[in-house]
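> Numbers given in my numbering equal positions in the sequence shown, counted from 1, plus 105.
A virtual CB, placed ideally from N, CA and C, is assigned to each residue, including glycine.
Quick one: structure below, then a few questions.
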Amino acid sequence: MMLYNQIALNNLIRVNEVENSVSLDFYFRLFWQDPRLNMTALWDVIQDINPSVAVNGINLYEVFGVEDVATGQTPNIWTPDILFPDSIEQEVNNGFLRLLPNCWVQQSQHVIITLAQSSFKYYDYPLDEQMVMLRFFSYSLNSSYLMQDYQFPSTPITFWNDYKGHASFKLNPVWSYDSNDGYVGVEDNGAGLGRVRSVVYDQIYISRQPTGIILRLALPILLLAILGALAFWMPLETRTDTTITLLLAVSALYIVIFQSVPMLGYLTVFDSFVLAMFGILFGASIVHSWLFRIAKKREENAARDFTIRLVDAMCRCSIIPVIVAVYFQLFAPVYNAYSVGMATAACIIFSLVIGYREFRSLRKAYVNTAEGVESKVDEEETVTVIEKLLYNIFHNAKFSFSIQELKEVRASMKERSSTFGFEMKSLPKQEQPKILIYNDDGEVVATKRSTMPVLSPNGALRTASDGSDLKCDYVTSTRHSAQFNDVNNPLQTTSSKAAASVSVSTSSQPVGGQSNESTAFRLSTYNYPDSDDEDKH
């Protein structure tokens, strides 16, 4: 016997991710031909008396007084015993059994069923796509007696329309219908009896609508992570507490989310996102604790303040763009290309603006670090390893843990400075050169920028004969401090790659009503012979 089937889907009631089950509402229709019901003479009479019955058939449930249509069984008419092996719960609300001309019988039942789905995969949750498997066969008859097929092979599954003409199944607010497919196969009952059944496999492909889940759950976690990144602009004393509080808030949200997905042996896309935010916040709390610890002794180590500023600058420029990049990388299918492009451009602009501000701040912090290292060398204090490394990397452009050359230079400078109190401090390129004027007792009596003063024999600061500052055209020629003790000889610098010369002129002009002889120094410098770097001349 050939049994034909048709399923008209009404609604996708729910998908239970925790239990791996799906609840469907559909109309289940079966068609078969029973030669024992060949009543040609009866149909001829019915055709004359009631033509509509001849078209629609005779409702056998009414004829035999069947009230319980849940089983579909009648005491007088044979009906197939169809079994849904994956059924967890099944309910038949109503139906009919009709006898049609030419021995055809039609059975229709309104079925609400909950099916276990072992094929669900949640790797891409909440961007996942699922296949709902609906299989059924005759429980008592094997393929030798009963074979199954589709009534309409081109459309294994159809849809029941609502009163507006829409397919109700396609209006589900959580899941979107993609397509359906089906085939008929054979399956051994597994009892070792050699009984092979004809089994129908209907497949329904659905995809989750992720926008609501992402906006309700992922976006708050994203904002909490960004707040954690903003903690790098807060005082060191409060950073750790703030980050830990945000970490606990993310944990609470994740516990709520975890209740809606099954206990899986693998990570979903959402798990990866939450763990990434966990990692960023946890790493930030570790960095804050470490910075707070080294900040307590920053006065003892000249490099610690620069280290704090360097770590802060790196984190401020990178953490927020990384958080946003992770979010859009994992949930990109939810957003269009325009949104992703705007977010990318915003991250780039943010990094450039913050990077520029932090770079300027770092240059100032490094000046303090370099002066601290040089001060330790002058006072013969112990220079730490990190101070040596930072000084050599940023000052001498080399990776070294030794500053013996600096010690020798500073010792030589200290020895020569005792005979003439004139010192030019080397500063970064953006700073104006600073000249310190000492008296015979070694005390600073004046500080001038971008001018070359005229000194009297006793070391007092004087001006030019016309009462204005005496200008001097010169360029700093070395990254180190430079000193000299003989104005008639070339200037001795601390770098072997730089050279400078001094020209001397004297004049005797009345200053303040008194005659005074003064000496003017003109400083000239020359480029490095083996370098084209503008920063080195």
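Assess, as a yes-or-no matter, whether the segment 130–139 is touched by the segment 212–225 under the definition of 3 or more beta carbon pairs within less than 8 Å.
Flag = yes, the segment 212–225 and the segment 130–139 touch.
> Per DSSP, what kind of secondary structure is residue 445 in: helix, strand or coil?
Within the sequence shown, the letter at position 340 stands for residue 445. Residue state, collapsed to three classes: helix.
> Would you identify the three-state DSSP class for residue 162, choosing helix, strand or coil?
One-based indexing of the sequence shown puts residue 162 at position 57. Looking at residue 162 - three-state DSSP - the assignment turns out to be coil, as it is neither helix nor strand.
> Please report the distance separating the alpha-carbon of residue 311 from that of residue 437.
Within the sequence shown, the letter at position 206 stands for residue 311. Within the sequence shown, the letter at position 332 stands for residue 437. If I take the Cα positions, the gap works out to 19 Å.
> To which residues does DSSP link residue 311 through a beta bridge?
The sequence position of residue 311 within the sequence shown is 206, counting from 1. DSSP, once it has assigned bridges, lists 235, 282 as partnering residue 311.
> Counting only the same chain and skipping the five closest in sequence on each side, list residues whose C-beta sits under 7 Å from that of residue 302.
The residue you call residue 302 lines up with position 197 of the sequence shown. Within the same chain, residue 302 has close Cβ partners 242, 243, 247, 248, 291, 292, 294.
> Sorted by chain position, which residues of the same chain lie with C-beta nearer than 8 Å to residue 423's C-beta, five sequence neighbours on each side aside?
Working through the sequence shown from its first residue, we reach residue 423 at position 318. Only 456 meet the Cβ criterion.
> Are residue 315 and residue 285 closer than 8 Å when you measure CB to CB?
Translated into the one-based positions of the sequence shown, residue 315 becomes position 210. Translated into the one-based positions of the sequence shown, residue 285 becomes position 180. It is not a contact, given that the beta carbons lie outside the stated cut-off.
> Could you have a look at residue 399 and say whether DSSP puts it in helix, strand or coil?
Taking the first residue of the sequence shown as position 1, residue 399 is located at position 294. Three-state result, residue 399: helix.
> Tell me whether the beta-carbon of residue 390 lies closer than 8 Å to the beta-carbon of residue 449.
Here the question's residue 390 lines up with position 285 in the sequence shown. Here the question's residue 449 lines up with position 344 in the sequence shown. Contact: no.
> Would you say the beta carbon of residue 332 comes nearer than 7 Å to a heavy atom of the ligand HEM?
No copy of the ligand HEM appears in this structure; indeed no ligand is present at all.
> To test your reading of the DSSP string, which unbroken alpha helix (DSSP H) runs of 4 or more residues are found completely within the segment 111–160?
Listed in chain order, they are 145–154.
> Within the chosen definition, does the segment 315–329 reach the segment 357–364 through at least 3 CB pairs nearer than 8 Å?
Yes, since at least three Cβ pairs between the segment 315–329 and the segment 357–364 fall closer than 8 Å, the two stretches touch.
> Using 10 angstroms around the beta-carbon of residue 379, count the other beta-carbons present and answer buried if the total reaches 16, otherwise exposed.
Walking along the sequence shown from the start, residue 379 turns up at place 274. The residue in question, residue 379, is buried, as its Cβ has 16 or more Cβ neighbours within 10 Å.
> If we count the other Cβ atoms within 10 Å of its Cβ and call it buried at 16 or more, is residue 343 buried or exposed?
Walking along the sequence shown from the start, residue 343 turns up at place 238. Exposed: under 16 other Cβ atoms inside 10 Å.
> If contact is defined by three or more beta carbon pairs under 8 Å, each pair taking one atom from either stretch, is the segment 417–434 in contact with the segment 323–339?
Short answer: they touch.
> Rounded to a whole number of angstroms, what is the C-alpha to C-alpha distance between residue 156 and residue 147?
Numbered from its first residue, the sequence shown carries residue 156 at position 51. Numbered from its first residue, the sequence shown carries residue 147 at position 42. Cα-Cα distance, rounded: 12 Å.
> Name, in chain order, the residues that DSSP records as bridge partners for residue 243.
Position 138 of the sequence shown, counted from the first residue, corresponds to residue 243. DSSP output for residue 243 lists 187 as bridge partner(s).
> Is residue 559 buried or exposed, if buried means 16 or more other CB atoms sit within 10 Å of its CB?
By 1-based counting over the sequence shown, the position of residue 559 is 454. Since pLDDT at residue 559 reaches only 37, below the 50 mark, its modelled position is unreliable, and the value read off the structure follows with that caveat. Buried, since its Cβ has 16 or more Cβ neighbours within 10 Å.
> Less than 8 Å between the beta carbons of residue 410 and residue 337, yes or no?
Counted from its first residue, the sequence shown places residue 410 at position 305. Counted from its first residue, the sequence shown places residue 337 at position 232. No. Outside cutoff.
> Of the choices 166, 191, 197, 478, whose alpha-carbon is the least far from that of residue 183?
Position 78 of the sequence shown, counting from 1, holds the residue named residue 183. The residue with the shortest Cα to Cα distance from residue 183 is 166.
> Would you say residue 125 and residue 281 are within 8 Å of each other, going by their C-beta atoms?
Locating residue 125 in the sequence shown gives position 20, where the first residue counts as 1. Locating residue 281 in the sequence shown gives position 176, where the first residue counts as 1. Against a cut-off of 8 Å, the Cβ pair of residue 281 and residue 125 comes out as no contact.
> Can you grab the Cα-Cα spacing for the pair residue 614 / residue 469, in whole Å?
As a working note, residue 614 is residue 509 in the sequence shown. As a working note, residue 469 is residue 364 in the sequence shown. Unreliable placement is indicated for residue 614, whose pLDDT of 41 sits below 50; the coordinate value is still reported in the next sentence. Those two C-alpha atoms are separated by around 42 Å.
> Compute the Euclidean distance between the alpha carbons of residue 724 and residue 471, then round it to the nearest angstrom.
Nothing can be reported for residue 724, as the shown portion of the chain is limited to 106 through 642.
> In this structure, does DSSP put residue 252 in helix, strand or coil?
Counting from 1 along the sequence shown, the entry for residue 252 is found at position 147. In this structure, residue 252 counts as strand in the three-state DSSP scheme.
> Looking at the unbroken alpha helix (DSSP H) that takes in residue 362, where does it start and where does it end?
Within the sequence shown, the letter at position 257 stands for residue 362. Here the alpha helix (DSSP H) through residue 362 covers 341–363.
> Can you look up residue 390 in the DSSP assignment and give me helix, strand or coil?
For this step, residue 390 is matched to residue 285 along the sequence shown. Helix at residue 390.
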